[in-house]
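Trainee:
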Amino acid sequence: MLYHVRALKNGQCGVRRYITFGDEWDETPHTYFLYIWLITGGEKPIIVDTGPKDVESFNEATKEYIPIGVTQAPDETTLGALTKAGVDPAEVGWVFITHMHGDHCSNYGLFPNAVVVVNRNAFPKGPASASADLRDRLRLVGDEEVLPGIRTFHLGCHSPDSQGIAIDTAKGIVVLGGDVAYMFENIERDRPIRAEDIEACREALRVLRSKGDIILPGHDPLILERFPGGVVA
């Protein structure tokens, strides 16, 4: 099965450069865009990452390294972006989470009828350890084909549960790497993000590049320049 992939802007913020690039120490903030990813072409819409549920709390918790907090125009909230794209969250069948950080996962409650796909390292004790509103629709995965033409693979690096999503499209395999790469420069110049194990992140970048034809980072504003309207495939 071949799908269509579209990036929906979910806000923006300013993150210190030393977070983006592990090989430098520059506290100057630079612009990140937040994205949710809309996958269509199957029986029901699919979402990759949900965006933040509570922007104010997220900004307070991350202000040391995200000094310019997340702001969202009305059509950049998760609900606003999906509505603009003509998608009813109640109709979404699957939500894939690249990793369990608040700006990527905390809005899963907006999708009451979706199966939520998370790397098994997020819940090493199994679904029973998840919150009550999640455990009954949680699917824990590893390196596998979850749906025809959509595969997950473990990456680590940014977090133990970080995973990539590979999606078959008419333009080739599109790979969503979450925060293993914040920017295209991480991928294209082999510059790992800041993390405890830089070499593990370098290996994660190698794996990411090996999995497809169009490799997308988690937060680069250039996504909307390289793919006008966010239409990747």
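What the sequence shown shows, in the numbering used here, is residues 8 to 240, in sequence order.
Cβ coordinates follow ideal geometry from the N, Cα and C atoms, glycine included.
So which of R144, G184 and G133 has the shortest CA-CA distance to G116?
Mentor: That would be R144, whose Cα lies nearest to the Cα of G116.
Trainee: Pull up the distance between the alpha-carbon of L162 and that of F130, whole angstroms please.
Mentor: Whole-angstrom Cα-Cα distance: 16 Å.
Trainee: Classify Y115 as helix, strand or coil using the three-state DSSP reduction.
Mentor: Y115 falls in the helix class under three-state DSSP.
Trainee: State the start and end residues of the unbroken beta strand (DSSP E) segment that holds V153.
Mentor: Its beta strand (DSSP E) spans residues E151 to L154.
Trainee: On a CA-only basis, which of E151, L212 and L183 is nearest E195? Give me that one, please.
Mentor: Per the Cα distances, L212.
Trainee: Just to confirm, are V148 and V187 a CB contact at a threshold of 7 Å?
Mentor: Cβ distance not < 7 Å, so V148 and V187 don't count as in contact.
Trainee: Please state whether the Cβ-Cβ distance between A240 and V55 is less than 7 Å.
Mentor: Not a contact, by the Cβ cut-off of 7 Å.
Trainee: My guess is that W101 and L183 are in contact by the Cβ rule of under 8 Å, so how many angstroms apart are they, rounded?
Mentor: Actually they are not in contact, since the Cβ atoms of W101 and L183 sit about 13 Å apart, beyond 8 Å.
Trainee: Below 8 Å, can you find three or more Cβ-Cβ pairs linking the segment 89–107 to the segment 63–73?
Mentor: The segment 89–107, when compared against the segment 63–73, does not touch it at the 8 Å Cβ threshold.
Trainee: State buried or exposed for W32, treating a residue as buried only when at least 16 other CB atoms are found within 10 Å of its CB.
Mentor: That one is exposed.
Trainee: Whole-angstrom Cβ separation of L15 and H226, contact assumed at under 8 Å?
Mentor: Actually they do not touch by this definition, with Cβ atoms about 13 Å apart.
Trainee: Which term fits R201, buried or exposed, when burial requires 16 or more other beta carbons within 10 angstroms of its beta carbon?
Mentor: Flag for R201 reads buried.
Trainee: How about G18 and E83: are their beta carbons less than 7 Å apart?
Mentor: In this structure, E83 lies closer than 7 Å to G18 by Cβ.
Trainee: Check the C-beta distance from I46 over to Y10 and give it rounded, since I have them as a contact under 8 Å.
Mentor: That pair is a contact at about 5 Å.
Trainee: At the level of alpha carbons, what is the spacing between P167 and F234?
Mentor: Going from the Cα of P167 to the Cα of F234 covers about 30 Å.
Trainee: Give a yes or no on whether the C-beta atoms belonging to P74 and G109 are separated by under 7 Å.
Mentor: No, Cβ-Cβ distance for P74 and G109 is not below 7 Å.
Trainee: CB-CB under 6 Å to T35, same chain, minus the five flanking residues each way: which ones, in chain order?
Mentor: Closer than 6 Å at the Cβ level, and outside the excluded window around T35, lie R24.
Trainee: What alpha helix (DSSP H) runs, 4 residues minimum, are completely inside the segment 45–75?
Mentor: Runs found: 62–69.
Trainee: For P119, count neighbouring Cβ atoms within 10 angstroms of its own Cβ and tell me buried if that reaches 16, exposed if not.
Mentor: Its Cβ having fewer than 16 others within 10 Å, P119 is exposed.
Trainee: Ignoring anything shorter than 4 residues, give me the alpha helix (DSSP H) runs that lie fully in the segment 154–199, in order along the chain.
Mentor: DSSP runs (the alpha helix (DSSP H)) wholly in the segment 154–199: 191–195.
Trainee: Quick one: what does DSSP say I221 is sitting in, helix, strand or coil?
Mentor: Strand, per DSSP.
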